[in-house]
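Residue numbering for the sequence shown follows my numbering, starting at 15 and increasing by one per position.
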Amino acid sequence: MENNTFLLYGANGYTGRIIADMAKDYGLRPILAGRNATAIKAQADQLGLDYRVFDLNDQRSLENALLGVPLVLHAAGPFFRTYKKMVQACLATNTHYLDITGEIAVFEGVKRMNDLALTAGLMLMPGVGFDVVPTDSMAAYLKQQQPNATHLKLAFATIGGKLSHGTSMTMTEGLGEGGAARIDGKITKQALGKKGMWVDFGKKKLFTMTIPWGDVSTAFVTTGIPNIETYTTVAPKQFKILKWQFLFNWALRTSMVRNYIKKQIAQKPAGPSAEIRDTANSYIWGQVTNAAGEQLTARLICPEGYKLTAISSLIIAKKVLEGNFKSGYQTPAGLYGADLVLEIPGVSRT
């Protein structure tokens, strides 16, 4: 098999389609894969690519589909439901694993398979999209600037963008589950939106609140900084309402409420239009503090999140296929450095 070939699972999903459409720009020819035979075949015919149809619940078919494939880019979420079977199949077939998750539980779960990956001589790197390439790169950069940092805050915002069905569905699965931060080196559960603050993203100041973003897991691996908080934008009025959400978390966790919300999501567009992806921007803010109270701040201006995800995942896939990988569990900036995000066209750092 040529070294420009990898298997893209979830290829007919919103983000998977963008990745498949852009792959040729990076000299890559993904094998399109998923469980919907009609959709996958039509997509493969349109792009002139090979395809494979299988369900993750069929372990034999899954492993057979990976035989001879050097790399999987897993794009079918919610990842906490799908990652384990794909990673186990990769370990069984000696296939490198990438995905585009942002879920703390997935990062921690994949990390627990580090020893197995080391023994097999393959790499496991979840989070090669907007979750968490730009924020992980920011964390690595700030650690370089302040090696004795004890506290890290990361915030992100998208101006002019929208969420895809897949992202919205994943968020729905997390309703009522609360938030998380890393305190003294340990991931600690806390209320969603426990803290709020105004952040100057450069273009404008926006109000943000704490959320359980993937960097609570990954930034610690990348930097070793023991205290990590992650924030995203929210309207101040919504933030005040969320302070009372703990009273209703039991209801938000019920299948009735979640299924109702999923039905509402399904009636909306699959995700941002191509025009929005080309015109919107995402913004990253990061700040480190050391024991003396000294602070350093940096900012990134990036393309729209889904566009960035496609580009960053393909950049990393190409690196792996060219032999630029390290066995075991890895984080994007932990392996490829703080300037990884600057390889993405349209990214600037200040």
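Positions of the beta carbon are idealized from the N, C-alpha and C atoms, including for glycine.
- Query: How would you write the range of the alpha helix (DSSP H) that R31 sits in, first residue to last?
  - Reply: Y28 to M36
- Query: Under three-state DSSP, which class holds F253?
  - Reply: helix
- Item | Residue of T323, Q73 and G337 minimising C-alpha distance to V142 | T323
- Task: Count the C-beta pairs between the segment 104 to 112 and the segment 59 to 66 that are closer than 8 angstroms, then say yes if the count reaches three, no if not.
- Result: no
- Item | Residue span of the alpha helix (DSSP H) that contains E122, given as start and end | I118 to K125
- Item | DSSP state of G113 mapped onto helix, strand, coil | Note that residue 113 is Asp in the sequence shown, not Gly. Strand, per DSSP.
- For L42 versus L349, is the C-beta spacing smaller than 8 angstroms? no
- Task: Give a yes or no on whether the C-beta atoms belonging to G300 and K167 are separated by under 8 angstroms.
- Result: yes
- Item | C-alpha gap between I315 and V230, whole angstroms | 21 angstroms
- Task: Count the CB pairs spanning the segment 196 to 210 and the segment 341 to 355 that are closer than 8 angstroms, and state whether there are at least three.
- Result: no
- Three-state secondary structure assigned by DSSP to R43: coil
- To which residues of the same chain is F93 closer than 7 angstroms at the C-beta, ignoring the five residues directly before and after it? D113, T115, E117 and V120
- Query: For F234, which residues of its own chain have a beta-carbon under 8 angstroms away from its beta-carbon, when the five flanking residues on both sides are left out?
  - Reply: R196, G199, P240 and I242
- Message: Just to confirm my understanding: we take K209, look at its own chain, exclude 5 residues before and 5 after, and list those with CB closer than 6 angstroms. What are they?
- Response: T224
- Task: Pull up the DSSP beta-bridge partners for G143, would you.
- Result: V146
- Query: If you run the structure through DSSP and keep just helix, strand and coil, what is E308?
  - Reply: coil
- Task: Compare the beta carbon distance of A53 and L22 with 8 angstroms and say whether it is the shorter of the two.
- Result: no
- Kindly list the residues whose CB is nearer than 6 angstroms to the CB of P317, restricted to its own chain and excluding five residues on each side of it in sequence; keep chain order. G360
- Item | Option in F339, T244, T345 and K332 with minimal Cα separation from I298 | T244
- For E365, the first and last residue of its enclosing alpha helix (DSSP H): Outside the displayed span of the chain (15 to 364) sits residue 365, for which this structure offers no information.
- Compare the Cα-Cα distances from P286 to each of Y320, I255 and N304 and report the closest residue. Y320
- Proximity below 8 angstroms, CB of I201 to CB of A294: no
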